[in-house]
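Engineer: Heads up: take any position in the sequence shown, counting from 1, add 138, and you land on this note's numbering.
Beta carbons: idealized from backbone N, C-alpha and C, even for Gly.
It should be emphasised that the depicted structure is a prediction, and the values quoted were computed from it without experimental measurement.
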Amino acid sequence: MAILMDGKALAEQRRAELKNAVEAYKSTAQRTPCLNVVLVGEDSASELYVKNKIKMAEVVGIQSKVERLHAECAQEDVLQRVDALNEDPCVDGILVQLPLPKAINADKVIAQIAADKDVDGLTPVSLGNLIRGIDGVRPCTPRGILTLLDHYEIALEGKEVVIVGRSSLVGKPMALMLLERDATVKVCHSRTQDLAEVVGEADLLICAIGQPEFIRPEWLKKGVSVVDVGITKTPKGWVGDVCAEGIREKVSAWTPVPGGVGPMTVISLLENTLELAAHKK
Ligand code: NDP
Numbered sequence: 139m140a141i142l143m144d145g146k147a148l149a150e151q152r153r154a155e156l157k158n159a160v161e162a163y164k165s166t167a168q169r170t171p172c173l174n175v176v177l178v179g180e181d182s183a184s185e186l187y188v189k190n191k192i193k194m195a196e197v198v199g200i201q202s203k204v205e206r207l208h209a210e211c212a213q214e215d216v217l218q219r220v221d222a223l224n225e226d227p228c229v230d231g232i233l234v235q236l237p238l239p240k241a242i243n244a245d246k247v248i249a250q251i252a253a254d255k256d257v258d259g260l261t262p263v264s265l266g267n268l269i270r271g272i273d274g275v276r277p278c279t280p281r282g283i284l285t286l287l288d289h290y291e292i293a294l295e296g297k298e299v300v301i302v303g304r305s306s307l308v309g310k311p312m313a314l315m316l317l318e319r320d321a322t323v324k325v326c327h328s329r330t331q332d333l334a335e336v337v338g339e340a341d342l343l344i345c346a347i348g349q350p351e352f353i354r355p356e357w358l359k360k361g362v363s364v365v366d367v368g369i370t371k372t373p374k375g376w377v378g379d380v381c382a383e384g385i386r387e388k389v390s391a392w393t394p395v396p397g398g399v400g401p402m403t404v405i406s407l408l409e410n411t412l413e414l415a416a417h418k419k
């Protein structure tokens, strides 16, 4: 029987644990952890993601604030806002919601976030720590995926893992985190030749391309575990990168879309926030 890796249920369970940990932190530190989100423009998907993060922060007892900037604001305005948050001793975590408007250089903005407030784990310092295997904040989506895989006892050591998608947000940090766990990792992208063949070699497949139902069940090796990160709204509803039809017959474990990776990303963000607060000097 194929296992459904239920990210929604696991995130709920971890939420309860995190709530207790936040309570314990508050009573010892005599302060409340605080997450600040910088939201530029009015992208509806970003609005929804931020709303979700804020709501969940409230549920676990983490204070949160959203700093809104106009879509046409200058890059300097965003950098100044980040600087102000870097300086604010009440702020533990700074998250700049991506994507940013095209006129703003996202790499520059992310690099401006102080390493000890980098709740998304995406600054050059955090990613450098990841490459060197130094402890630090890890990016939320890969962290959530690893938590989910560990919960369902999916073996990683020595396994052939194929990641489709090489973004700095998901694919690249995921590859590094799986190397830390002794998996053999292959990363595919839009120029990969014979994608179906490479996908067919995977013991564990992680897809993050944002192309609805692009990966076909017939490509998969029998018994593979599949993590579908992609999420796209289509006329028939939200779908992942992997065509869900007929997948149960092929896989030993898989994540649903929605209700798989998404809730694990949010809980990882809040876990990162508490960890940053706890490490504050
Ligand atoms: P990006 O657009 O930054 O990267 C997409 C990657 O997919 C690129 O590396 C691109 O290759 C590759 N790609 C695109 N089309 C193909 C193809 N046909 N074959 C092979 N590779 C392809 O996306 P993100 O990593 O930010 O996000 C990917 C998906 O995951 C999106 O649907 C997003 O919404 C979702 N997501 C979900 C999260 C969650 O919490 N559930 C969190 C983050 C993302 P190349 O580099 O060659 O262009």
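Straight-line CA distance for residue 259 to residue 363?
Structural biologist: Going by the C-alpha atoms only, they are around 26 Å apart.
Engineer: Determine whether the beta carbon atoms of residue 192 and residue 408 lie at a separation below 8 Å.
Structural biologist: No. Outside cutoff.
Engineer: Would you kindly work out how many angstroms separate the C-alpha atoms of residue 235 and residue 318, rounded to a whole number?
Structural biologist: Rounded to the nearest angstrom, the two C-alpha atoms are 27 Å apart.
Engineer: Relative to the C-alpha of residue 421, which residue among 329, 182 and 145 is closest?
Structural biologist: There is no way to answer for residue 421, as the model of the chain reaches only from 139 to 419.
Engineer: Answer yes or no: the CB of residue 326 versus the heavy atoms of the ligand NDP, is any distance below 7 Å?
Structural biologist: Yes.
Engineer: Within this structure, are the beta carbons of residue 330 and residue 299 separated by less than 8 Å?
Structural biologist: Cβ distance not < 8 Å, so residue 330 and residue 299 don't count as in contact.
Engineer: Please look up how many angstroms separate the CB atoms of residue 255 and residue 232, rounded, as I've assumed it's under 8 Å.
Structural biologist: The pair is a contact, with the Cβ atoms about 5 Å apart (cut-off 8 Å).
Engineer: Going by the beta-carbon positions, is the gap between residue 346 and residue 368 smaller than 8 Å?
Structural biologist: A contact, by the Cβ cut-off of 8 Å.
Engineer: Can you say whether residue 228 is buried or exposed, counting buried as having 16 or more other CB atoms within 10 angstroms of its CB?
Structural biologist: It is exposed - the Cβ of residue 228 has fewer than 16 other Cβ atoms within 10 Å.
Engineer: Pick out whichever of 320, 398, 401 and 353 has its Cα sitting closest to the Cα of residue 335.
Structural biologist: The residue with the shortest Cα to Cα distance from residue 335 is 353.
Engineer: Using a threshold of 8 Å, state whether the C-beta atoms of residue 358 and residue 230 are closer than that.
Structural biologist: No, Cβ-Cβ distance for residue 358 and residue 230 is not below 8 Å.
Engineer: Among the residues of its own chain, which have a CB less than 7 Å from the CB of residue 215, if the five just before and after it don't count?
Structural biologist: Cβ neighbours of residue 215 beyond the five flanking positions: 207.
Engineer: Would you give the residue range spanned by the beta strand (DSSP E) that residue 364 belongs to?
Structural biologist: First-last of the beta strand (DSSP E) with residue 364: 362-366.
Engineer: Taking the straight line between their C-alpha atoms, what separation do you get for residue 143 and residue 152?
Structural biologist: Going by the C-alpha atoms only, they are around 14 Å apart.
Engineer: Quick one: which unbroken alpha helix (DSSP H) runs of 4-plus residues sit fully inside the stretch 193-232? Chain order, please.
Structural biologist: Complete alpha helix (DSSP H) runs here, min 4: 213-225.
Engineer: Per DSSP, which residues does residue 301 bridge with? Please list them.
Structural biologist: Answer by DSSP bridge pairing, in chain order: 325 and 344.
Engineer: Does DSSP classify residue 183 as helix, strand or coil?
Structural biologist: In the structure shown, residue 183 sits in a helix (DSSP, three-state: H, G or I).
Engineer: Does residue 174 come out as helix, strand or coil in the three-state DSSP assignment?
Structural biologist: It is a strand residue.
Engineer: Going by other Cβ atoms of all chains shown within 10 Å of its Cβ, with 16 needed for buried, is residue 410 buried or exposed?
Structural biologist: Per the 10 Å Cβ criterion, buried.
Engineer: Taking 7 Å as the line, does the beta carbon of residue 305 fall inside it for any heavy atom of the ligand NDP?
Structural biologist: Yes, the beta carbon of residue 305 sits closer than 7 Å to at least one heavy atom of the ligand NDP.
Engineer: Closest to residue 296 by C-alpha separation, out of 355, 320, 305 and 282, would be which residue?
Structural biologist: It is 320.
Engineer: DSSP has residue 392 in a bridge; who is on the other side?
Structural biologist: For residue 392, which the question treats as bridged, DSSP gives the partners 142 and 364.
Engineer: How far does the beta strand (DSSP E) with residue 308 in it reach, from first residue to last?
Structural biologist: No beta strand (DSSP E) holds residue 308; DSSP gives it neither H nor E.
Engineer: Give the straight-line distance between the Cα atoms of residue 262 and residue 304, rounded to the nearest whole angstrom.
Structural biologist: Taking the straight line from one Cα to the other gives about 16 Å.
Engineer: Can you find the residues in the same chain that come closer than 7 Å, C-beta to C-beta, to residue 204, ignoring five residues on each side of it along the sequence?
Structural biologist: Only 175, 177, 188 and 192 meet the Cβ criterion.
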